[in-house]
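Line by line, the protein sequences are chains P and G.
Each residue of the first sequence is one higher than the one before, starting from 2 at the first, in my numbering.
Each residue of the second sequence is one higher than the one before, starting from 4 at the first, in my numbering.
Even for Gly, the Cβ is constructed at its ideal location relative to N, Cα and C.
Predicted, not measured: the structure shown is a model, and the values here were computed from it.
The structure appears below as structure tokens.
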Amino acid sequence: MSTHSLTKASLRAEGLPRRRAVNRAMELVAWLAAALGVAILGVVVWSVARRGAGALNLDLLTKTPSVAFSLTPVKQGLANAFAGSLVIVGIATLMALPVGILVAIYLNEFARPSVRTAVSLTLDVLNGVPAIVIGIFVYGLLVLGHGQSGFAGSFALACIMLPLVARSTMEVLTLVPMSLREASLALGVPRWRTTLSIVLPQTIGGIVTGTVLAVARVAGETAPLLFVSSLAGTSLSWDPHHALQTVPVAIFELSESADPADHTRAWAAALVLLIFILFSSLGARWLATRTTRRLSTSR
Amino acid sequence: MSSTEIAPDSTRRPFTGRRVRFGDVSLQAVAGTAAAAATFLVFLIAYKVVRGAQPAIGKYGLAFVTRVAWDPVKNVYGAGSFLFGTALTSLLALAIAAPLAIGIALFLTELAPRRLRAPVTALIETLAAIPSVVIGLWGILVLGPILRDHVEPALHSALGFIPLFGSPSSTGSSIFTAIVVLTIMILPIVASISRELFLGVPRDLKEGALALGTTRWEMVRGVMFPYARGGIAAALILGLGRAVGEAIAVTQVIGGGLGIQLNLFATGDTLASKIASSYQGAQSNIQIASLVYLGLILLVFSLIMNVSAQVIVRRVARRQGVGLNRGGLG
């Protein structure tokens, strides 16, 4: 089919100026599309930076929001949201990381090909479940009857992290040369010891990359937390047994507010979130290229 | 390096017989349990969502899916309006994003000067990393007013005879704003998958076409598109899935409206945005169950789209022997 359209195209040599013009136009369209993509990023980042930078100060990170109509001096921070995000994302990472690595080890080192295909398809499906549905699921599983909690929020985020961590670990496990495993096994080292102390250490860089990317992804997730950890007070709390405020949920609530002062704080919080995500993605990308290069040259 | 760590250990305690088997079996068991748990999680999600929707399924049945109503006072609920909103926003967003994303991918693989390729690729992927709540914040406070004041009146006066371009919105919150926001969100996803597909097109095919005298665009149309066709279909399905499932950014900009109308500048709601905006304030159990029913419809859609995209990706990968490691969404 491709050869058919090709011969037709190349035989039509008489229309050369027109074909050249079409080619030019299409190249221009591609250039413009790329420029538009970069411009959108620039505009969004610039909007957040310009509006957020003014309100970005230490108070944002260290002080809690003022209670409406309170007589105490005005405190205009979001310290509770930053603390809550740290706790919830931290616990989610502790939940998802070991399970994700074990899933990857099982699929890459032990599972039969048919099992491997089936389970990795399931992981892709889990990855594709909309975040809002994860929120409904955790609400029904943990919140209904028990109330909102930071733990429930962590579990929701862990559901999103799990396929990401498992997939990135699998990718780097497949890069570890088979000869390394064979050498270890030939020396009489059992399979479990080969996996844990020969194969796994080679993949640390890749696992760290995958984890950082997963953390960067869930740090900005709002939808799963909306029903499971959002009814939090304005005081600073580190206790995951109760609902904790988080940065994305705070941005979401402030963005729906009618008060421009709330918008300013939303921009500032968005700027902090964006800086965190951009730096961790760039760091992870740098680490990934390093790991991949090392593993592919050692092959 | 690692082998020197092993050597003294293994001379001290030789791995023989039962110890070896025990270690192997227990690692396999622990890792297998983790894999089983991950698989179980997917089924648990489906089960919990079905159970949560049960009261609404029992009361309204399948008629719920198409009924255009959401009335907490009379307790009459239906998904029709939100299904329409979801289809309208995500399909139009995909229609705008698809050619742009393929253009970006072609730029990155065929046109860009070598020095520009890595940085522009990184920038496009950075766009995908921006959280939806930040895009939504930008959408409601920056993009919405611009669209309301400049773009919507212009489109209305030029193309007002088409029902899609009705009278402009008053607040900046509209289906149109949601479409633009969704376009921005799926653009980098489709672009980076397409880029990987185009990188996988064999060089000799492309050079063969150029040697026959085709222009670069004819080579793209005659060789690269047919070669990557299946993968591009999968990329578009994954982008559509992302648009259908996006809740937060859409909730922020779509304004919340009921009914089926073609005017893009009116407010609306999608399945996901309706859940996000009303779950917290839901009063009666039947209203909560109806919202979970919306979630169930969303889950079924996302399952269908993801599985079909993955099946296509796997078939393409097997046929061409290239690894498409970027499965799933996001």
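Check                                                                                                                                                                                        : Outcome
Between I133 of chain P and A157 of chain P, how many whole angstroms is the CB-CB distance? I'm expecting something under 8 Å.                                                              : Actually they do not touch by this definition, with Cβ atoms about 11 Å apart.
Cα separation between T42 of chain G and G211 of chain P?                                                                                                                                    : 20 Å
Could you name the residues of the same chain whose beta carbon sits closer than 8 Å to that of T69 of chain G, not counting the 5 residues immediately before and after it, in chain order? : G81, A82, G83, L86
Should the segment 93-111 of chain G be called in touch with the segment 234-242 of chain G, which here means at least 3 C-beta pairs below 8 Å?                                             : yes
Which runs of the alpha helix (DSSP H) fall wholly inside the segment 81-114 of chain G and span at least 4 residues, in chain order?                                                        : 83-109
Verify whether the separation of the beta carbon atoms of G91 of chain P and L245 of chain P is less than 9 Å.                                                                               : no
If you measure from the beta carbon of P66 of chain P to each beta carbon in chain G, is any gap under 9 Å?                                                                                  : no
Would you be able to state if there are at least three C-beta pairs under 8 Å between the segment 206-221 of chain P and the segment 281-294 of chain P?                                     : yes
Measure the alpha-carbon distance for R317 of chain G versus N128 of chain P and round it to whole angstroms.                                                                                : 16 Å
Between R295 of chain P and chain G, is there a C-beta pair that is closer than 9 Å?                                                                                                         : no
Starting from the N-terminal side, write out each stretch of the beta strand (DSSP E) that is 3 residues or longer and does not extend beyond the segment 226-263 of chain P.                : none
Starting from W73 of chain G, follow its DSSP beta bridges and name the residues at the other end.                                                                                           : G:Y80
Grab me the residues of G154 of chain P's own chain with a C-beta within less than 6 Å of its C-beta, minus the 5 sequence neighbours each way, in chain order.                              : I89, L226, V229, S230
Give the single residue among G:F110, G:A238, G:T186 whose Cα lies nearest to the Cα of Q313 of chain G.                                                                                     : G:A238
Would I137 of chain P and V219 of chain P qualify as a contact pair, given that the criterion is a beta-carbon distance under 9 Å?                                                           : no
Find the nearest neighbour of L109 of chain G within the set G:A236, G:L200, G:I182, judged by alpha-carbon distance.                                                                        : G:L200
Can you tell me whether Q283 of chain G is helix, strand or coil according to DSSP?                                                                                                          : coil
Could you have a look at Q264 of chain G and say whether DSSP puts it in helix, strand or coil?                                                                                              : coil
Could you say which of G:Q286, G:I251, G:A285 lies nearest to D272 of chain G if we only look at CA atoms?                                                                                   : G:I251
Where do the N-terminal and C-terminal ends of the alpha helix (DSSP H) with N24 of chain P fall, by residue?                                                                                : 17-54
Using the three-state DSSP reduction, which class does Q31 of chain G fall into: helix, strand or coil?                                                                                      : helix
With which residues is P229 of chain G paired in a DSSP beta bridge?                                                                                                                         : According to DSSP, which records beta bridges pairwise, P229 of chain G is partnered with nothing at all.
With R120 of chain G as the anchor, note down where its alpha helix (DSSP H) starts and where it stops.                                                                                      : 117-132
Whole-angstrom Cβ separation of A31 of chain P and L114 of chain G, contact assumed at under 8 Å?                                                                                            : 6 Å
Suppose contacts are defined by Cβ-Cβ distances below 9 Å. Is F1 of chain P in contact with V136 of chain G by that definition?                                                              : Chain P is shown only over 2 to 300; residue 1 of chain P falls outside these bounds and no answer can be derived.
For L274 of chain P, I'd like the list of residues in its chain whose CB is within less than 8 Å of its CB, leaving aside the five on either flank, ordered along the chain.                 : A220, G221, V248, P249, I252
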